[in-house]
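Structure first, commentary second.
Protein chains in written order, with our numbering: chain S, 1212 to 1402; chain L, 20 to 290.
Next up, the structure:
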């Protein structure tokens, strides 16, 4: 029995994650994905219709803060990336306006989100949350440029685009993720 | 299952396994992203629409209805890119005070069709894929660890529970604070703000209990799990994914060999 257990753990790529961690990622991804498809998506199209790609600074934080929230709650490597990918998957299944492009956003933003938390060693504080969301915003800007074709903008617009989205995501998304993580900790919902 | 748009039907696409469908979606995504002319993008779109209509038994009317919002996004992108792209050499014309070049129109058209194609392809996949069966197929055919697959299944399973709980919390607030009659954006925002923390907190508490229950039943102790549903892999899945891959290779070869008379343009971005 002990041999079977150790063999199972050795082959299991998820051995560092408990069942509670997996369910937490699932729950946050479920809420975030459906919210992204049904609530945030229409707002995103409206604001980007008005402001062009720069409008992403005002809608993308509400897409990405869920993954940072999961990373702040669980504080293990790979959680933010997994949550971002799973959330975009749920978003596609729920009928996202962006379709399968959401999967690309989820992956590239997730890499940024993960990097931001890793820089601060997965500590739960505001600066880590803001760094995570800011780098997630950089991922969003890169995806917007290369998939939606805004790479054709002149260089004098590309840099401000990246900076605007990173700053918007960092401030709004970081504050939101940190505030919710703190509230949940105070409510005793997550230890 | 919850807000998902899957519709059970008797078609070839409904019988094809989820892994092959997502591989098909992957090839469509790569092909759409590397297109650099409107004609190339249109060919990819026609192949996608034909797959959905003939193999998925999705009527043209329904496909249009499901993708109308993606069409609006594509139209917006077309208008935006036509106008904001830097001016290029070649023929151009004026609309009012805006100067638009034919090259920019072609570029904008390519991007617009690309976005529309990707939205249509993913709509076809989600319309024809049962979320519950999909998870089991990812484990059996995609060799995904079942713990990771369970995360997907749990995410899908939580949604109706959360919807029900949101309804209960909303009604409780309505009784106590008489907010049920209020409408408008501010009222909606306040509702979301009131619901979000209780829903998240309730879910996370429930998760801790569920995790203990699952661990007590040996979840994760063994490398494999027994599935209740019997799964069969329809051979058409290989043909559908394979033909999209052949189309992608054809497009790549066409672009790499430089095709007579056309400039070879970088695959992504099209500049």
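The C-beta atom is built at its ideal place from N, Cα and C for all residues, glycine as well.
If you're wondering where the values come from, they're calculated on a predicted model, not measured in any experiment.
Spatial distance of residue i from residue j (CA atoms)
i                      : j                      : result
residue 1219 (chain S) : residue 1298 (chain S) : Residue placement at residue 1219 (chain S) is flagged as unreliable, the pLDDT there being 46, under the threshold of 50; a coordinate-derived value is accordingly withheld.
residue 1360 (chain S) : residue 1367 (chain S) : 16 Å
residue 1263 (chain S) : residue 246 (chain L)  : 48 Å
residue 1329 (chain S) : residue 1271 (chain S) : 21 Å
residue 155 (chain L)  : residue 1397 (chain S) : 37 Å
residue 1365 (chain S) : residue 34 (chain L)   : 47 Å
residue 1325 (chain S) : residue 1303 (chain S) : 21 Å
residue 174 (chain L)  : residue 113 (chain L)  : 51 Å
residue 24 (chain L)   : residue 40 (chain L)   : 16 Å
residue 1239 (chain S) : residue 228 (chain L)  : 16 Å
residue 1403 (chain S) : residue 1254 (chain S) : Because chain S is modelled from 1212 through 1402, residue 1403 (chain S) falls outside the range shown and cannot be assessed.
residue 261 (chain L)  : residue 1265 (chain S) : 39 Å
residue 1273 (chain S) : residue 1257 (chain S) : 14 Å
residue 265 (chain L)  : residue 150 (chain L)  : 28 Å
residue 20 (chain L)   : residue 179 (chain L)  : With a pLDDT of only 43 at residue 20 (chain L), under the threshold of 50, the placement of this residue in the model should not be trusted, and no figure is reported.
residue 103 (chain L)  : residue 1384 (chain S) : 28 Å
residue 1234 (chain S) : residue 1282 (chain S) : 13 Å
residue 85 (chain L)   : residue 1293 (chain S) : 29 Å
residue 70 (chain L)   : residue 135 (chain L)  : 15 Å
residue 243 (chain L)  : residue 165 (chain L)  : 7 Å
residue 159 (chain L)  : residue 67 (chain L)   : 26 Å
residue 252 (chain L)  : residue 98 (chain L)   : 44 Å
residue 273 (chain L)  : residue 47 (chain L)   : 16 Å
residue 43 (chain L)   : residue 1309 (chain S) : 17 Å
residue 263 (chain L)  : residue 153 (chain L)  : 21 Å
residue 1288 (chain S) : residue 1379 (chain S) : 25 Å
residue 1343 (chain S) : residue 1285 (chain S) : 14 Å
residue 223 (chain L)  : residue 1362 (chain S) : 41 Å
residue 232 (chain L)  : residue 148 (chain L)  : 30 Å
Residues of its chain near residue i, where Cβ-Cβ distance is below 6 Å and the 5 sequence neighbours each way are ignored
i                      : result
residue 50 (chain L)   : 63, 267, 270
residue 1391 (chain S) : 1280
residue 1375 (chain S) : 1265, 1268
residue 239 (chain L)  : 166
residue 26 (chain L)   : 146
residue 89 (chain L)   : 135, 138
Distance CB(residue i)-CB(residue j) smaller than 8 Å
i                      : j                      : result
residue 61 (chain L)   : residue 133 (chain L)  : no
residue 1267 (chain S) : residue 220 (chain L)  : no
residue 1290 (chain S) : residue 1242 (chain S) : no
residue 1314 (chain S) : residue 1327 (chain S) : no
residue 1373 (chain S) : residue 1349 (chain S) : yes
residue 259 (chain L)  : residue 74 (chain L)   : yes
residue 168 (chain L)  : residue 57 (chain L)   : no
residue 1377 (chain S) : residue 1352 (chain S) : yes
residue 1252 (chain S) : residue 1301 (chain S) : no
residue 36 (chain L)   : residue 256 (chain L)  : yes
residue 1312 (chain S) : residue 137 (chain L)  : yes
residue 1381 (chain S) : residue 1307 (chain S) : no
residue 1387 (chain S) : residue 1316 (chain S) : no
residue 1394 (chain S) : residue 216 (chain L)  : yes
residue 1229 (chain S) : residue 235 (chain L)  : no
residue 1305 (chain S) : residue 1249 (chain S) : yes
residue 1337 (chain S) : residue 1389 (chain S) : yes
Same chain, Cβ closer than 7 Å to residue i, neighbours up to 5 away in sequence not counted
i                      : result
residue 79 (chain L)   : 72
residue 161 (chain L)  : 38
residue 1318 (chain S) : 1296
residue 287 (chain L)  : Legend: pLDDT at residue 287 (chain L) = 46, less than 50; position of this residue unreliable, value from coordinates given subsequently. Cβ within range, chain order: 52, 53.
residue 101 (chain L)  : 119, 123, 124, 127
residue 142 (chain L)  : 85, 86
residue 92 (chain L)   : 134
Within chain C, the residues that residue i reaches when beta carbons sit closer than 7 Å
i                    : result
residue 88 (chain L) : Looking for chain C here will not work: the only protein chains present are S and L.
Range covered by the beta strand (DSSP E) that runs through residue i
i                    : result
residue 97 (chain L) : Premise fails: residue 97 (chain L) lies in the alpha helix (DSSP H), 79–103, not in any beta strand (DSSP E).
Start-to-end residues for the alpha helix (DSSP H) that takes in residue i
i                      : result
residue 141 (chain L)  : 121–146
residue 111 (chain L)  : Segment 111–114 is the beta strand (DSSP E) holding residue 111 (chain L); no alpha helix (DSSP H) there.
residue 1361 (chain S) : Neither: residue 1361 (chain S) is in no alpha helix (DSSP H) and is coded neither H nor E.
residue 151 (chain L)  : 150–159
residue 1232 (chain S) : 1230–1246
residue 262 (chain L)  : 255–275
residue 1393 (chain S) : 1385–1397
residue 52 (chain L)   : 37–53
residue 1257 (chain S) : 1252–1262
residue 33 (chain L)   : 31–34
residue 69 (chain L)   : 57–69
Cutoff 8 Å; reference residue i; Cβ partners in own chain excluding five residues on either side
i                     : result
residue 185 (chain L) : 214, 218
residue 276 (chain L) : none
residue 163 (chain L) : 157
residue 110 (chain L) : 120, 121
As an exercise, report each continuous beta strand (DSSP E) stretch of at least 3 residues that is fully enclosed by the stretch 1265–1292 of chain S, in chain order.
none
Going residue by residue through the stretch 1308–1371 of chain S, where are the continuous beta strand (DSSP E) segments of at least 3 residues, counting only ones entirely within it?
Within the stretch 1308–1371 of chain S, no complete beta strand (DSSP E) run reaches 3 residues.
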